[in-house]
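If you read the sequence shown in our numbering, its first letter stands for residue 5, the second for the next number, and so on.
Encoded as structure tokens, the structure appears first; notes follow it.
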Amino acid sequence: MINMTTISVTDDIREKLLKLASELQIKLGRRVDLNEAIRFLISTKDRNPELLDEACKPVEGADDALKDLYEERRRDEERLERKTSFRLEHNA
């Protein structure tokens with residue numbers, strides 16, 4: 005089983021990663037995802053350390069965005085619980 009996590013990148017870095025992934029796809033002749041593009045950057049870090057550093061630096065405001073995400077998820081769960089319990093009460 006492969007463990008995956010989510011990382012936050014700015015739009016300009018995302019675009020650069022997508023461009024790199026498409027270039028790798030053309031070069032390798034197969035589908036390449038962003039994970040493989042990042043792996044390629046890490047393996048070639050000595051050739052372009054600035055790009056890797058830029059892709060891996062923390063995004064300003066990421067902690068606040070994560071808090072907002074958790075709060076919205078909690079609200080979604082509460083709404084789902086209310087809808088589910090409402091349906092169960094009226095169908096019984």
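Built from N, CA and C at the ideal position, the CB exists for glycine as well.
For clarity, every value in this text was computed on a predicted model and none was experimentally measured.
Checklist line | Same chain, Cβ closer than 7 Å to E58, neighbours up to 5 away in sequence not counted | finding: Within the sequence shown, numbered from 1, the residue matching residue 58 stands at position 54. Here the set comprises I17.
Notebook entry, point to check: Can you give the Cα-Cα distance for L22 and E64, rounded to whole angstroms?
Noted result: The count along the sequence shown starts at 1 and reaches residue 22 at position 18. The count along the sequence shown starts at 1 and reaches residue 64 at position 60. Each residue's alpha carbon lies about 21 Å from the other.
Item checked: CB-CB length for L28 against A41, believed under 8 Å -> As a working note, residue 28 is residue 24 in the sequence shown. As a working note, residue 41 is residue 37 in the sequence shown. Right, the Cβ-Cβ distance comes to about 6 Å (below 8 Å), so this counts as a contact.
Check: Shortest alpha-carbon distance to A100 belongs to which of S12, I6, N7?
Finding: For the chain, the structure presents residues 5 to 96; residue 100 sits outside this window and is missing.
Item checked: Member of L45, N39, E19 whose CA lies at the smallest distance from the CA of M8 -> The residue you call residue 8 lines up with position 4 of the sequence shown. That would be N39, whose Cα lies nearest to the Cα of M8.
Item checked: Coarse secondary structure for S12, derived from DSSP in three states -> On the sequence shown, position 8 is the one that residue 12 refers to. Here S12 sits in coil by DSSP.
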